Structure formats: structure tokens, C-alpha cells
Amino acid sequence: MNLNYFVQKSETAWQINPKGNMRVPAIIYADQGLIEAMDEKVYEQITNVATLPGIVNAAYAMPDAHWGYGFPIGGVAAFDPDEGGVISAGGVGFDISCGVRAIHTGLTKQDILPVKQKLADKLALDIPAGLGSTGVINIPIHEMDKMLKGGAKWALKRGWGENADLHRTEEQGCMSGAEPGEVSERAKKRQHREMGTLGSGNHYLEVQYVEQVCHEKIANGYGLREGDVIVSIHCGSRGLGHQIGTEFLRSMAMAANKYNILLPDRELACAPINSPLGQSYLGAMRAAINCALANRQILTHLTREVFSRVLPESRLSVLYDVSHNTCKVESHIINGKKMNVYIHRKGATRAFGPGHPDIPKELRPYGQPVLIGGSMGTCSYILAGTEESEKRAFSSACHGAGRAMSRHQAKRQWRGSVLLKELESKGILIRSPSMRGVAEEAPGAYKDVNEVVDAADKAGLAHKVAKLSPLICIKG
Amino acid sequence: MTSYWQHYPHDADIGIRGFGASLASAFEQAAVALTAVSADPGKVREKESVIIKCNNADPELLFTDWINSIIYEMAVRKMLFSGFKVDINGAKLIAEISGEQVDILRHQPAVEIKGATFTTLKVIQNSDLEWMVQTVVDV
Chain U
1 MNLNYFVQKS ETAWQINPKG NMRVPAIIYA DQGLIEAMDE KVYEQITNVA
51 TLPGIVNAAY AMPDAHWGYG FPIGGVAAFD PDEGGVISAG GVGFDISCGV
101 RAIHTGLTKQ DILPVKQKLA DKLALDIPAG LGSTGVINIP IHEMDKMLKG
151 GAKWALKRGW GENADLHRTE EQGCMSGAEP GEVSERAKKR QHREMGTLGS
201 GNHYLEVQYV EQVCHEKIAN GYGLREGDVI VSIHCGSRGL GHQIGTEFLR
251 SMAMAANKYN ILLPDRELAC APINSPLGQS YLGAMRAAIN CALANRQILT
301 HLTREVFSRV LPESRLSVLY DVSHNTCKVE SHIINGKKMN VYIHRKGATR
351 AFGPGHPDIP KELRPYGQPV LIGGSMGTCS YILAGTEESE KRAFSSACHG
401 AGRAMSRHQA KRQWRGSVLL KELESKGILI RSPSMRGVAE EAPGAYKDVN
451 EVVDAADKAG LAHKVAKLSP LICIKG
Chain C
477 MTSYWQHYPH DADIGIRGFG ASLASAFEQA AVALTAVSAD PGKVREKESV
527 IIKCNNADPE LLFTDWINSI IYEMAVRKML FSGFKVDING AKLIAEISGE
577 QVDILRHQPA VEIKGATFTT LKVIQNSDLE WMVQTVVDV
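In C-alpha cells:
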């Protein structure tokens, strides 16, 4: 991206001053290398977000920002309902409440190595993944509304988890304000056979070990030591969320004129928060958040069952579960005044700083865990929310590496079977039903997650706590 | 002119594009491009058919409605489609799509498709002889 677009505010903050219809500035957090490599479309999309009614402070983009639809992936924006603020289906994304759950196993890398092949095979057998896969748990339609209202809490009532899991999940595992009645029958039907499935693309279940502790005090607080084995699950609300996103993107695009919203681009489709359509989307989107929380809870249960058979001494306890595609009402200090605003985070992770009441009590002194997924075969990170993050971007940080290359290019450049062997020689076992899928998800098709995380740390969005390396990766 | 389809790059997702002598033909070609996002359409047998109906006076929204209807049928039926017969009359589209259940070993499906976005969405008549339709699908 052309650096002349920006006023450089610090080593890692790049501001675009308001021009044209922009109501607020746009700020991108990244180091110079990342911003130079960033797609021009991020500039276009983040400045478009800055034109939306009721936007507060600025439109923000995280260091892993890339071209999305409507909002860039890695976009963050807050809206004030009392100032005509809007809610945007494209500002949340199709994969509503996609997120990461990190789970302690009570094991070390040395415990895993003798049974690594067996563990990989059993996980591949029992964790449904990939296009066409179906969940082992079929939810009757009459039970669907209970799931959409109850989230991970509902899953626990069905016997798929432990109370402690909820304590370490955002919203205590249950998003309030969900309205299953706002979710269409088509969306519910699309979910019917997809509970407890990973999906495909960049979604995965990984067995990882702590390669490096970057912040001793916080790592201790999170119970992380070098060599510890962690399971990370990256997935979202599956077909239900995709269908809700599809339907509301269309409804909002068709209603923009009715609400006198001048859209710089149709893909920014949105509706006033205080409108029937805005409220309908909120109710449906919150139901989809519960679907994602229930889905990750069921996958946790399936993972526990595999571990208990292969490694009976294991004890799987959730470290944290956080989503990165949401819109949530949060209280923030804006111009010295406490305000409730609707924060869109699309490919961006909430990152509350130390002391925030929404962080589990025992983790509160350290800041909220921020879980950053890498790409298949590369490292992931655990970060912690900082005090400064509140001022930077409404307590938000990055969510992953972000693609550097299209799927088409990746497919031409790599062969899945060759990649599998290469990664195995490095000690990483990949299990996937599709070799083409493996090629499209080649580690080289992604940006360097280390650079993204370093920039987030430098910008004060989140502290680096621990670097995790993969041992086993189950891909869709 | 020959009808054909293309993919075009997008950072995280993928663009699908169809060309044809008629709007209906361009819609059919874009549907083949859609299947090709997940699997080789040449390996998908036409064993079962599904009827799809859409209604939208806005040609661009009619196109995304069409693509989203196929995505929906793929998801709920766990199928891939390779045969597309489309008839468009004003705002109304009626189509018969044919395919088969996903066979992991034979199809080697890559990514599942979440939905059609409005990114780079276009429905254009380039000349009397050619229509072009395109959009980015989220994967």
C-alpha cells in the first residue's frame, strides 16, 4: 500500500484523515513492512467503513488486515445507536462467531511423541471435518431453538462438557439477547447435521506444544510452561451462521434506501441498530454466536473422548474461548464519557486489559487471553489484552496470519501429498480428507504470523505471552 | 460465442465468473465455476436433480440469489452439482440443477462455500453476443 495515504502517528499507527464522506479517521495498526505489503483494498474498505452513520472515534484495521467484503478482514468499528449508528452483516461476516478455543491437556510434548500417530488417526476419525461431513450429534429441530438460546450451556445440559468450561468461555458460554425466532427455517435446516463439525478452509483442530514463553508472569497466570501441550480448535457457527449472514446481507442491501443510508458500496449493507431489521439481525446473530459456542463445546467433548482413550492420564481443561467475528454491546470510555456502543470485530479479537470485569477472576490480573491461529504447519500465539488496547481500538487485537496468496495460486504452487510429507519430516502430522484442500492451505500461502503478532505487541494491542508449535493438525 | 467460466483471485476468498450468449447461459457457467471452487466439476456425476426458483427484479441480486440457492442445496443435501439448466424470464429464474452426493475420495473436495458476497458483483452485457456475471464467494 502507498505510504503517502497516511499520516504516521507512531511506528505502528497509520492514520487516514477524514476526506469525502468519511465521518471519522481510519487507523491501521501495522509496522511499515506489513503496511507496504497490505492490499490497496484494505485502504478502500476501511475508509468506506468510516463513512457509515453513527461511527464512533475511528474505523480501525488490525496488523493482519486484508481484503474482505464490506469491512476488511481485521476491521473494527463502534457505532452509537443514539446517533443513528448501524449494524452491518458484512461487518460481522458469514462465519458468525468464528473463534478459537485453547485447551490445556495436562501433558507435555514428551507424553505425546510416543503415541502421536495413533492420536492423529483417532482424532481424524472422530472429529468430523471437511465438505460433506456430518456431525455425530443430530439435533432434532425442536431442540434447535434451545441450543440457539443456550449456547455452550445447552451443550453442558446434554452432557457434553464441564461447568469449568463455561467459566473460561466468553459470555460464560451463553450469549444473552439471542432470538431463535429471528433465525429462518432454512438456516436451522442447514445446521441440522452440522453440530460438532469443524468445517473446512482455514478451520482446524491442532495439538500444539508451547515452544516459547514470551511473558513469564502472564504465562504463569495462564498456566502455561514451555513443553506443555495445548489443543486449539478454530471454527464457528457453521451452516447456520453462513445462512444468517447470506439472508441479512441481502435484506440490508435491499433496505438501505428505505433507511436513507448512502452506501459507498453495496457490500457495506447495514441497517440502523434501532430499526426492526437491525434488531432482527442482532437477535439472529446472537443466536448464531450461541451456535458457535455450542459447536466448539461439542468438539471439546469429542476431543476429550479421544484423549481419554489414547492418553488416559490427560486432563483437558479450557484455557479460554474467544470469537473473532462478532458485534457486541460494550461499555467504553469515549471522549471522557462512558458509553455503550456496538463493536463490530470482523477477523479481530476482543482483547480486554487487566482488571476488566468480563475476564474470569483468576485471569483478571493478567488481561484477557487473545488466541491467534497460525496456518497449518506454522506457529500460533497466545497473547494478553493490554490496558492501552482500550484507547487504541476499543480493546481489540489481530486474529491470525491472513492470506498472502489466493487459493488458485496456492493450488498451482503446491501438491497436497508432497506438502504432507514435508511437514511430517518436520514432526507435524496433517490429517485431512482432501489433498487439494491441503495444497490450498499451504503454510506458504499465508503471511508470517510472527510479523503480525510482533506488530500487535509493538502497537500495544496485546502482549505476546506464548508461542505454540503444531504436532498434529486436523484439517477439513 | 462459447460459454465459459473463470475464477479470479481475492485475498481470502475466490471470485466466480460466467460468460454466455444469454444471461441464463452466463448464470449456468458461473454455477460451474461455483462447483469448481470445491471440486472438479468433470468428476461430478448428474445423478439427482433439484429445482431452484428465484425472483428478483434487480439482476445483480437475482444472480446472488441464484448462487446462494445452489450453496444452500449443496449444504443441506451434502451434494455437488455439475449440470445446470437455467431459464430466466424478467425477474423470475427457474432452474434444474443435477449432481450427486459428495464422495470424499473421488471428489477430493477442497473448501465448502459459505455464501455469495456483493464484492465485485456484476451483471453486464458486453455486446449483443455476450453476457458476463461475477461475484466473490466466501469460503
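For the protein sequence lines, the chains are U and C, in the order given.
For the first sequence, our numbering gives the first residue as 1, with consecutive numbering after it.
For the second sequence, our numbering gives the first residue as 477, with consecutive numbering after it.
Ideal Cβ positions, reconstructed from N, Cα and C, are used throughout, including at glycine.
All of these numbers come straight from a predicted model, not from anything done at the bench.
- In chain order, 590, 591 and 614 make up the part of chain C whose C-beta sits under 7 Å from the C-beta of residue 94 of chain U.
- Chain-order list of chain C residues neighbouring residue 434 of chain U: 580, 584, 585 and 586, by C-beta distance under 8 Å.
- When only Cα atoms are considered, residue 194 of chain U and residue 443 of chain U end up about 27 Å apart.
- Segment contact: the stretch 333 to 347 of chain U against the stretch 111 to 124 of chain U, fewer than three CB-CB distances shorter than 8 Å; contact not assigned.
- Between residue 251 of chain U and chain C, the shortest Cβ-Cβ separation is not below 8 Å.
- At a cut-off of 8 Å between beta-carbon atoms, residue 594 of chain C makes contact with chain U.
- Listed in chain order, the alpha helix (DSSP H) elements of length 4 or more contained wholly in the stretch 357 to 402 of chain U are 389 to 393.
- Our two residues, residue 410 of chain U and residue 487 of chain C, have alpha carbons roughly 12 Å apart in a direct line.
- In terms of beta-carbon proximity, residue 490 of chain C lines the interface with chain U, with at least one pair separated by less than 8 Å.
- Residue pairing for residue 321 of chain U: DSSP places it in a beta bridge opposite U:101 and U:169.
- According to the DSSP assignment, residue 612 of chain C belongs to the beta strand (DSSP E) that extends over 606 to 614.
- The DSSP-derived three-state label of residue 216 of chain U is helix.
- Taken through DSSP and simplified to helix, strand or coil, residue 192 of chain U comes out as coil.
- Closest in C-alpha terms to residue 401 of chain U, from the list U:6, U:391, U:267 and U:373, comes U:373.
- No Cβ-Cβ contact shorter than 8 Å links residue 246 of chain U with residue 289 of chain U.
- Per DSSP, residue 9 of chain U is one residue of the beta strand (DSSP E) stretching across 7 to 10.
- Around the Cβ of residue 601 of chain C, a 10 Å sphere holds fewer than 16 other Cβ atoms; the residue is exposed.
- DSSP, read as helix, strand or coil, puts residue 32 of chain U in helix.
- Leaving aside the five residues that flank residue 30 of chain U on each side, the residues in its chain whose CB is nearer than 6 Å to its CB run, in chain order, 63 and 455.
- The beta carbon of residue 311 of chain U sits no closer than 8 Å to any beta carbon of chain C.
- One finds nothing in chain U with a Cβ atom closer than 9 Å to the Cβ of residue 604 of chain C; even the nearest lies about 27 Å away.
- The beta carbon of residue 329 of chain U lies closer than 7 Å to those of 340 and 342 in the same chain, with the five residues before and after it left out.
- The beta-carbon of residue 544 of chain C is placed less than 8 Å from the nearest beta-carbon of chain U.
- For residue 314 of chain U, no beta strand (DSSP E) encloses it, and the DSSP letter there is neither H nor E.
- In the DSSP assignment, residue 439 of chain U falls within the alpha helix (DSSP H) that extends over 435 to 440.
- Residue ranges of uninterrupted alpha helix (DSSP H) with 4 or more members, entirely inside the stretch 503 to 556 of chain C and ordered along the chain, are 535 to 553.
- Flagged as an interface residue toward chain U: residue 540 of chain C, by a C-beta distance shorter than 8 Å.
- Contact annotation: the stretch 563 to 573 of chain C touches the stretch 532 to 545 of chain C, with at least three C-beta pairs closer than 8 Å.
- Take residue 439 of chain U, set aside five residues on each side of it, and the residues of its chain with a beta-carbon closer than 7 Å to its own are 410, 411, 414, 415, 416 and 419, in chain order.
- Within chain C, 483, 484, 485 and 490 have C-beta atoms less than 9 Å from the C-beta of residue 408 of chain U, given in sequence order.
- For the C-beta of residue 554 of chain C, the chain U residues within less than 9 Å are, from N- to C-terminus, 131, 132, 133, 134 and 193.
- When rounded, the separation of the alpha-carbon atoms in residue 241 of chain U and residue 260 of chain U is 27 Å.
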